[in-house]
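Structure record follows, encoded as structure tokens.
Residue numbers (this note's numbering): 123 to 428.
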């Protein structure tokens, strides 16, 4: 089984250094299929990927691979390097993060992952019920709280929605920083409870967060907090692959992922892996989905995010 072979090869600071020096081995043409994940907590992420990696290793027939390896990479720039240096075969993440890495590395989007029981997700914009804020036109001069810098639902997606609405977004670093009257003033909160309390206390005027957490906050506020807008919906997770995979291996990988929910063991592995339901094709088509997401990435780029 996979757990007795190369599963323990998590990466952190050591791999970051090796990648930056170009000293890592190049397995794109080797017998080892490498699953890469982006996280600063390698032990937790390894536990999450163990069942999936074991399943892939048990179903290598029809591929050119004989082993499976998981590597955990702490930063997105190093994930780009991993693909450029042939150190990763697939990577799965929220779509704006995954596509940005794919664009920079040449990796190819291929499938959608239903994570946490859903195929797509969006972010909500929350305000106090008595705020008088009804939509994006009321955001100028206000303080908008984002969840965390690298979060799709808590930052990239809602920021792109505000930019798409034509607003300028400026960054605050502290609650007592001066506000720009002709722009949306943005500030990061450290966790959901902090953001909710800031909103209730009037420290921020708007809070944005993923749909599931937003509904929980609304329900627990007893009517004090409401949602006044939401972002576009995007795929819950996107799978991207190394561009140099042989056509036969692309076919093997595609079929393996698409068929997982057709088998008892596959369904068990998926359910235990962050309540994944299945992998499937993008309903709007791959090209249309990528085009829409790239439009949002372009807005974020123009807004100085990258």
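Glycine is no exception: its CB is placed at the ideal position from the N, C-alpha and C atoms.
Just so we're clear, the structure is a prediction, and the values are computed from it rather than from any experiment.
Alpha-carbon to alpha-carbon, residue j and residue i
i, j, result
"residue 178", "residue 353", "35 angstroms"
"residue 363", "residue 176", "19 angstroms"
"residue 171", "residue 161", "12 angstroms"
"residue 155", "residue 236", "22 angstroms"
"residue 196", "residue 255", "38 angstroms"
"residue 153", "residue 192", "14 angstroms"
"residue 279", "residue 423", "13 angstroms"
"residue 357", "residue 324", "33 angstroms"
"residue 305", "residue 312", "23 angstroms"
"residue 428", "residue 207", "22 angstroms"
"residue 404", "residue 298", "44 angstroms"
"residue 381", "residue 410", "24 angstroms"
"residue 289", "residue 283", "9 angstroms"
"residue 145", "residue 368", "Here the model assigns residue 145 a pLDDT of 35, short of 50, so the residue's position is not dependable, and the following value carries that caveat. Distance between the alpha carbons of residue 145 and residue 368 is about 24 angstroms."
"residue 190", "residue 332", "33 angstroms"
"residue 216", "residue 274", "6 angstroms"
"residue 287", "residue 294", "20 angstroms"
"residue 316", "residue 168", "29 angstroms"
"residue 258", "residue 337", "20 angstroms"
"residue 188", "residue 272", "34 angstroms"
"residue 347", "residue 340", "6 angstroms"
"residue 198", "residue 223", "7 angstroms"
"residue 218", "residue 408", "14 angstroms"
"residue 370", "residue 181", "14 angstroms"
"residue 374", "residue 183", "8 angstroms"
"residue 384", "residue 372", "19 angstroms"
"residue 210", "residue 204", "6 angstroms"
"residue 393", "residue 320", "35 angstroms"
"residue 429", "residue 389", "Here the chain covers residues 123 to 428 and nothing more, so residue 429 does not appear."
"residue 391", "residue 379", "12 angstroms"
"residue 186", "residue 406", "31 angstroms"
"residue 79", "residue 260", "Missing from the structure shown is residue 79; the chain here goes from 123 to 428 and no further."
"residue 248", "residue 343", "11 angstroms"
"residue 434", "residue 296", "In the structure as shown, the chain begins at 123 and stops at 428. Residue 434 is therefore absent and cannot be evaluated."
"residue 350", "residue 246", "8 angstroms"
"residue 359", "residue 253", "34 angstroms"
"residue 322", "residue 314", "12 angstroms"
"residue 326", "residue 166", "33 angstroms"
Unbroken beta strand (DSSP E) run spanning residue i, endpoints
i, result
"residue 215", "212-215"
"residue 155", "154-160"
"residue 191", "189-195"
Residues of its chain near residue i, where Cβ-Cβ distance is below 7 angstroms and the 5 sequence neighbours each way are ignored
i, result
"residue 365", "228, 229, 230"
"residue 301", "263, 265, 307"
"residue 239", "397, 399"
"residue 291", "281, 284, 285, 305, 306, 308, 425"
"residue 226", "202"
"residue 107", "Residue 107 lies beyond the stretch modelled for the chain, which goes from 123 to 428, so this question has no answer here."
"residue 130", "Its pLDDT being 36, under 50, residue 130 is placed unreliably in this model, and the value from its coordinates should be taken loosely. Excluding sequence neighbours, residue 130 sits near nothing in its chain."
Residues near residue i in its chain [Cβ-Cβ closer than 6 angstroms; skip 5 each side]
i, result
"residue 221", "415"
"residue 285", "421, 425"
"residue 355", "242, 244"
"residue 402", "234"
"residue 213", "158, 362"
"residue 318", "339"
"residue 418", "282"
"residue 303", "263"
Close Cβ partners of residue i (< 8 angstroms) along its chain, the five nearest in sequence each way excluded
i, result
"residue 412", "221, 231"
"residue 268", "276, 277, 280, 281, 308, 309, 310, 311, 330"
"residue 395", "170, 171, 173, 174"
"residue 251", "345, 346, 347, 348"
Bridge-paired residues (DSSP) for residue i
i, result
"residue 359", "235"
"residue 240", "237"
"residue 230", "363"
The alpha helix (DSSP H) enclosing residue i, as first and last residue numbers
i, result
"residue 424", "408-424"
"residue 80", "Lying outside 123 to 428, the shown extent of the chain, residue 80 is not represented and no answer is given."
"residue 205", "198-206"
Where are the alpha helix (DSSP H) runs, 4 residues long or more, that stay fully inside the region 244-331, in chain order?
The qualifying runs are 279-286, 314-323.
For the region 335-401, list the beta strand (DSSP E) runs that are entirely contained and at least 3 residues long, ordered along the chain.
If only complete runs of 3 or more residues are kept, the region 335-401 shows the beta strand (DSSP E) at 347-352, 359-363, in order along the chain.
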